[in-house]
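Going line by line, the protein sequences match chains A and B. Under numbering that gives the first Met the number 0, the residue at position 102 of the first sequence is numbered 101, and the numbers go up by one with no gaps. Under numbering that gives the first Met the number 0, the residue at position 87 of the second sequence is numbered 86, and the numbers go up by one with no gaps.
There are 2 protein chains.
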Amino acid sequence: MENSLATLQKVFEALGQEIRLRLFLILCTNSFCVCELEELFHVSQPAISRHLNILKEAGLVTDTRKGQWVFYRANPEELKTLLAGFAEGWREPLRAFGEMEEFGEKIQALAQNPKIPCALERER
Amino acid sequence: MENSLATLQKVFEALGQEIRLRLFLILCTNSFCVCELEELFHVSQPAISRHLNILKEAGLVTDTRKGQWVFYRANPEELKTLLAGFAEGWREPLRAFGEMEEFGEKIQALAQNPKIPCALERER
DNA sequence: TAATCATATAAGGATATCATTATATGTCTA
DNA sequence: TAGACATATAATGATATCCTTATATGATTA
């Protein structure tokens, strides 16, 4: 799991819906197959599969087939690492995240922009 | 900011869209007024205001009016606390989060459910 | 207090997301 | 290898989100 903004965004988006947040937490307690999760959450099997795939794409869960069944489990250690990188990154975002680099000169340019006089009022 | 699933879900949802994730990170570097952010992100002023409000509702940023301008800044310390609580909570989610409690007996019931024989295959 | 500027809210249309039903794929067993 | 079962993908309709334009609110200043 690469520590880029795109990765973080995917993770947050995945956990940003209640059912997926609860799925993730359930899968932190143990592994479960799709039919069990269907039973626990009272939504259709395709809906469960779809949510699991979103969590998987975000690197939050892994799956293993056992015969007919596919068991999912959470991958919290990787999330922990990612969140630690996020917390580290927000201390100096323009350096930490490639996607933020461009803002450096844009922010410089603000000070010269006559349409934006409010910089004088800023408290740092 | 209360450490409930609902709070976490709101935070993740807020950070789950790229523009808001980048807004949050920019606001970690300094405070900015709406018109500056409009310039930095090249989206309309109402769109910026709306995204800022979502971040604010999630407890991720605060705002202060200075004359005509409203300056926003990030609140990363609170987020750090929240994420620490999340990482702590996922170790024992059914106890840590009130919204997860109900799953305790539901999981027990799975073992007795004849429609779900896969439990035997589970690796713990 | 009227005009101006910054920000917030409302309205409306375009797009994305979600849930369900239907179907395809993959695995096991008789 | 045919039938049954578990899961994944496709198709479709309902809902939610996001953007922009238009308008309202709040604050400053002439």
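Beta carbons: idealized from backbone N, C-alpha and C, even for Gly.
Q) If you scan the stretch 28-100 of chain A from start to end, which runs of the beta strand (DSSP E) of 3 or more residues do you find wholly inside it? A) 60-65, 68-73
Expected contact under 8 angstroms - CB spacing of residue 87/B and residue 95/B to nearest Å: Taking the first residue of the second sequence as 1, we reach residue 87/B at position 88. Taking the first residue of the second sequence as 1, we reach residue 95/B at position 96. About 7 angstroms separates the two Cβ atoms, so the contact holds.
Check your understanding: Name the chain B residues that come within less than 8 angstroms of residue 8/A, Cβ to Cβ?
Key -> For the purposes of this step, residue 8/A is identified with residue 9 of the first sequence, where counting begins at 1. Within chain B, the residues near residue 8/A are 14, 15, 16, 17, 20.
*asked:* Whether or not the stretch 42-51 of chain A and the stretch 10-24 of chain A are in contact is what I'm after, with contact meaning three or more pairs of Cβ atoms, one per stretch, closer than 8 angstroms; do they touch?
replied: Taking 8 angstroms as the limit for Cβ pairs, the verdict is that the stretch 42-51 of chain A does touch the stretch 10-24 of chain A.
CA-CA distance, residue 107/A and residue 80/A? Here residue 107/A refers to the residue found at position 108 of the first sequence. Here residue 80/A refers to the residue found at position 81 of the first sequence. When rounded, the distance between both Cα atoms is 32 angstroms.
For residue 68/A, I'd like the list of residues in its chain whose CB is within less than 8 angstroms of its CB, leaving aside the five on either flank, ordered along the chain. In the first sequence, residue 68/A corresponds to position 69, counting from 1. So the qualifying residues of the chain are 32, 33, 34.
Chain-ordered neighbours of residue 66/A on chain B, where CB pairs are closer than 7 angstroms:
For the purposes of this step, residue 66/A is taken as the residue at position 67 of the first sequence. The contacting residues are 120.
query = Counting only beta-carbon atoms, is residue 47/B nearer than 8 angstroms to chain A?
reply = Translated into the one-based positions of the second sequence, residue 47/B becomes position 48. It does not: the Cβ of residue 47/B has no partner Cβ on chain A nearer than 8 angstroms.
For the stretch 24-56 of chain A, which residues have a beta carbon sitting closer than 7 angstroms to at least one beta carbon of chain B? 24, 25, 27, 28, 29, 30, 32, 34, 35, 38, 39
### Query
Apart from the five residues just before and just after residue 54/B, which ones in its own chain have a Cβ nearer than 7 angstroms to its Cβ?
Translated into positions along the second sequence, residue 54/B becomes position 55. For residue 54/B, where only same-chain residues beyond five positions count, the Cβ hits under 7 angstroms are 13, 19, 22, 23, 60.
**Prompt:** Which of the three DSSP states, helix, strand or coil, is assigned to residue 121/B?
**Reply:** Within the second sequence, residue 121/B is the residue found at index 122, counting from 1. Three-state result, residue 121/B: coil.
Assuming contact is defined by CB atoms lying nearer than 8 angstroms, are residue 77/B and residue 58/B in contact in what I supplied? Within the second sequence, numbered from 1, the residue matching residue 77/B stands at position 78. Within the second sequence, numbered from 1, the residue matching residue 58/B stands at position 59. Cβ distance < 8 angstroms, so residue 77/B and residue 58/B count as in contact.
Under 7 angstroms (Cβ pairs) to chain A, residues found in the stretch 63-89 of chain B:
Answer set for the stretch 63-89 of chain B: 65, 66, 68, 70, 75, 79, 82, 86, 89.
_Residues from the stretch 99-115 of chain A in contact with chain B, defined by Cβ distance under 9 angstroms_ = 99, 102, 105, 106, 108, 109, 112, 114, 115
Applying the criterion that 16 or more other CB atoms from any shown protein chain within 10 Å of the CB defines a buried residue, is residue 92/B buried or exposed? Taking the second sequence and counting its residues from 1, one reaches residue 92/B at position 93. It counts as buried.
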